[in-house]
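Let me begin by presenting the structure, written as structure tokens, before commenting on it.
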Amino acid sequence: MTNDPHPEPAPRLLIVSYHFPPAETVGARRPAALAAYAARQGWDVRVLTAVGADQGGAPVPVPEDRLIRIAPAPRLPRPGGSGHGSAAGGPAPVRSRLGRTRAGARRLLVRAGMELLLPDPQLNWIRPPVREFDRFAAGWRPDVILVSGPPFSGFVVAATLARRFRVPWVADYRDLWSVGNDHWVRTPLRRAVDERLERRVLRTVAACVTISEPLAETIRRTFGVRTHVVMNGIDRRPAPATPAGVEVPSGTLTLAHTGYIYPGKRDPGPLLDAIALLGPDAAKVHVIFAGEDHGIVRAAAERAGVTDSVTLLGQVSPEKSWRIQADADALVLLMWNDPRDAGTMTGKIFDYLQARRPVLLLGFADGVAARLLRDRGAGVVANDPAAIAARLREWLAVKDRTGRVPAVPATALDGLFREDQLGRYLDILRGVTRGDVRPGHPVH
1 MTNDPHPEPA
11 PRLLIVSYHF
21 PPAETVGARR
31 PAALAAYAAR
41 QGWDVRVLTA
51 VGADQGGAPV
61 PVPEDRLIRI
71 APAPRLPRPG
81 GSGHGSAAGG
91 PAPVRSRLGR
101 TRAGARRLLV
111 RAGMELLLPD
121 PQLNWIRPPV
131 REFDRFAAGW
141 RPDVILVSGP
151 PFSGFVVAAT
161 LARRFRVPWV
171 ADYRDLWSVG
181 NDHWVRTPLR
191 RAVDERLERR
201 VLRTVAACVT
211 ISEPLAETIR
221 RTFGVRTHVV
231 MNGIDRRPAP
241 ATPAGVEVPS
251 GTLTLAHTGY
261 IYPGKRDPGP
271 LLDAIALLGP
281 DAAKVHVIFA
291 GEDHGIVRAA
301 AERAGVTDSV
311 TLLGQVSPEK
321 SWRIQADADA
331 LVLLMWNDPR
341 DAGTMTGKIF
351 DYLQARRPVL
361 LLGFADGVAA
371 RLLRDRGAGV
381 VANDPAAIAA
391 RLREWLAVKD
401 RTGRVPAVPA
411 TALDGLFRED
421 QLGRYLDILR
431 GVTRGDVRPG
441 HPVH
């Protein structure tokens with residue numbers, strides 16, 4: 001094979017993402033993985049982010065000189081979590097009455113901010129990167145811009161820079177914005193304003209990408225924009241070398257839930273009611289909850305009378321979260337049992353699959369997450385306490401007989417690793433860069 005004397009220059013990709021390592025947030029993981037993968041494939045990658053080099057402990061996947069870190073201005077107070085967090089990061093558990101009152105006040109401020117600040121509380125990050133990008137980029141210019149959201153203030157940044165440099169841009173939706181996102185509680189007026197702004201921003205987008213087909217269809221149907229599906233994937237990491245160190249009685253069937261519990265959307269009540277239905281065997285089942293839960297788990301456990309079967313850890317590091325998952329007999333995935341959640345493919349499901357422990361999903365039985373678990377033989381879906389109790393009895397019998405609930409087969413993970421998904425992502429970006437898809441190109 002002869003070398004091409006005139007090789008094509010490496011495509012120049014600018015990734016715009018408010019969240020990025022070293023921030024330890026779920027929102028940072030997808031753009032970080034894409035940046036690292038594209039760089040390994042020879043792309044000239046730069047990342048524009050609001051995260052400072054000292055704002056977390058997660059590994060940074062690309063050299064620091066490829067990162068353009070521009071802080072929001074003016075700096076606004078960040079009361080409470082964003083609602084898109086994980087078991088890593090976020091406020092510590094609140095235990096005192098005064099602390100609970102303050103936490104409630106912070107949540108009200110966040111809700112007010114989500115209602116009044118357009119497009120979101122990160123709007124103070126729109127002007128600084130638009131104004132200062134040229135100085136920080138030192139003459140570097142992209143061939144294509146990819147923005148990942150939420151927050152959707154980044155979409156405005158990407159569209160503005162794309163117009164300045166006359167290059168195509170792609171919108172990556174980890175969650176939807178104005179339509180189809182019922183986790184973001186808004187008044188009808190605010191929702192209408194968001195939809196109008198989203199429609200205006202997307203007038204120049206070359207393509208959109210999201211994490212599941214139902215979400216993609218919502219974008220196509222609402223905005224008439226070509227939309228692709230690229231799932232999140234399993235991030236390869238070594239098996240934990242040490243146990244999580246959470247004490248549970250010997251021989252107990254141990255379940256674990258890691259991550260945020262949305263009030264009114266992710267309900268642990270049916271699981272705890274199911275444990276109560278086990279009668280004397282309830283003492284043989286223990287559930288570990290790691291992550292912010294707003295007191296929901298404690299209240300549900302008290303109602304069911306099974307507080308002795310529950311351990312509440314509050315927020316933990318990503319590493320401890322993964323150790324908890326690996327140590328458990330089974331993992332609990334709480335989702336919203338509502339058809340409006342059919343297209344949600346939470347990133348947590350891929351962490352759970354990496355742990356290879358069977359998953360008990362409480363959520364919409366016909367959603368994409370439920371189908372993935374069933375099709376892969378990686379878990380079960382149940383929402384009725386009696387059905388959950390029956391499954392717990394089966395696992396108890398297996399553990400009594402063999403000492404361990406069997407692991408999910410390794411073949412269940414085939415094709416679901418992050419790199420399996422990101423190859424398709426680069427194909428989409430190459431097509432956009434070549435001009436195969438023009439801004440505003442409709443769906444046919």
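Take the sequence shown: its letters are residues 1 to 444, numbered as in my numbering.
For each residue, glycine too, the CB sits at the ideal point set by N, CA and C.
These figures come from a predicted structure and were not determined experimentally.
Under a Cβ-count criterion, where at least 16 other Cβ atoms within 10 Å of its own Cβ denotes burial, should residue i be classed as buried or exposed?
i: P406; result: exposed
i: P280; result: exposed
i: G56; result: buried
i: Q421; result: buried
i: E198; result: buried
i: D308; result: exposed
i: Q41; result: exposed
i: E247; result: exposed
i: G403; result: exposed
i: D400; result: exposed
i: G291; result: buried
i: V443; result: Bear in mind that the predicted position of V443 carries a pLDDT of just 45, short of 50, making it unreliable; the figure below should be weighed with that in mind. It counts as exposed.
i: D293; result: buried
i: D366; result: exposed
i: G264; result: exposed
i: R135; result: exposed
i: T242; result: exposed
i: S82; result: In this prediction, S82 scores a pLDDT of 39, lower than 50, which makes its location untrustworthy; the coordinate-derived value is nonetheless stated afterwards. Under this definition S82 is a buried residue.
i: T187; result: exposed
Pull up the distance between the alpha-carbon of residue i and that of residue j, whole angstroms please.
i: V225; j: V179; result: 14 Å
i: V157; j: I126; result: 6 Å
i: A370; j: R131; result: 44 Å
i: V310; j: A244; result: 16 Å
i: R340; j: L362; result: 15 Å
i: V230; j: T210; result: 6 Å
i: G305; j: L272; result: 9 Å
i: P74; j: I275; result: 50 Å
i: D267; j: P318; result: 23 Å
i: A479; j: A207; result: Given that the chain is displayed from residue 1 to residue 444, the structure contains no residue 479 and the question cannot be resolved.
i: Y18; j: P59; result: 16 Å
i: P91; j: R391; result: For P91, the pLDDT reaches just 38, beneath the cut-off of 50, and the residue's location in the model is therefore unreliable, although a value from the coordinates is still provided. Going by the C-alpha atoms only, they are around 34 Å apart.
i: P79; j: V297; result: For P79, the predicted structure reports a pLDDT of 42, less than 50, and the residue's modelled location is therefore unreliable. A value from the coordinates is still provided. If you take the alpha carbons of P79 and V297, they lie about 22 Å apart.
i: E8; j: R203; result: 30 Å
i: L411; j: R418; result: At residue 411 the sequence reads Thr, which differs from the Leu that was named. Going by the C-alpha atoms only, they are around 15 Å apart.
i: Y262; j: N337; result: 12 Å
i: W140; j: G435; result: 21 Å
i: V332; j: R163; result: 45 Å
i: L416; j: P63; result: 27 Å
i: V205; j: F152; result: 14 Å
i: P128; j: L161; result: 12 Å
i: P249; j: R66; result: 49 Å
i: R196; j: P121; result: 18 Å
i: T227; j: I388; result: 37 Å
i: G295; j: A192; result: 33 Å
Using 8 Å as the threshold, is the C-beta distance between residue i and residue j below it?
i: I70; j: V47; result: no
i: R357; j: V408; result: yes
i: L117; j: L123; result: yes
i: F155; j: I68; result: no
i: L255; j: A328; result: yes
i: A10; j: F20; result: no
i: D175; j: P119; result: no
i: K348; j: G259; result: yes
i: A32; j: V45; result: no
i: P72; j: A53; result: no
i: F364; j: M335; result: yes
i: L312; j: F289; result: yes
i: D384; j: P270; result: yes
i: L278; j: A386; result: no
i: L360; j: A330; result: yes
i: S212; j: V368; result: yes
i: P240; j: A326; result: yes
i: P214; j: G343; result: yes
i: R12; j: P142; result: yes
Touch check for the region 346-364 and the region 376-384: three-plus C-beta pairs under 8 Å?
Contact between the region 346-364 and the region 376-384 is present: three or more C-beta pairs spanning the two stretches fall below 8 Å.
Check whether the region 233-245 touches the region 215-223, counting contact only when three or more Cβ pairs, one atom from each stretch, lie closer than 8 Å.
Contact annotation: the region 233-245 does not touch the region 215-223, with fewer than three C-beta pairs closer than 8 Å.
Count the C-beta pairs between the region 138-155 and the region 165-183 that are closer than 8 Å, then say yes if the count reaches three, no if not.
Yes, since at least three Cβ pairs between the region 138-155 and the region 165-183 fall closer than 8 Å, the two stretches touch.
Enumerated in chain order, which unbroken segments of the beta strand (DSSP E) with a length of 3 residues or greater are wholly contained in the region 148-205?
Qualifying beta strand (DSSP E) stretches, in chain order: 169-173.
Touch test, the region 382-401 against the region 266-284, Cβ-Cβ under 8 Å, three pairs minimum
Touching, yes.
Uninterrupted beta strand (DSSP E) stretches inside the region 335-423 (no shorter than 3 residues)
DSSP assignment within the region 335-423 yields the following whole beta strand (DSSP E) runs of 3 residues or more, N-terminal first: 359-362 and 379-381.
Going along the chain, which unbroken runs of the alpha helix (DSSP H) with 4 or more residues stay wholly within the region 284-327?
If we require 4 residues or more, the alpha helix (DSSP H) runs fully inside the region 284-327 come out as 296-304 and 318-327.
Every unbroken beta strand (DSSP E) inside the region 224-252 [3 residues or more]:
The region 224-252 contains these whole beta strand (DSSP E) runs: 227-229.
Output the residue ranges of the alpha helix (DSSP H) runs that lie fully inside the region 32-66 and measure 4 residues or longer, sorted by chain position.
For the region 32-66, not a single whole alpha helix (DSSP H) run of length 4 or above is found.
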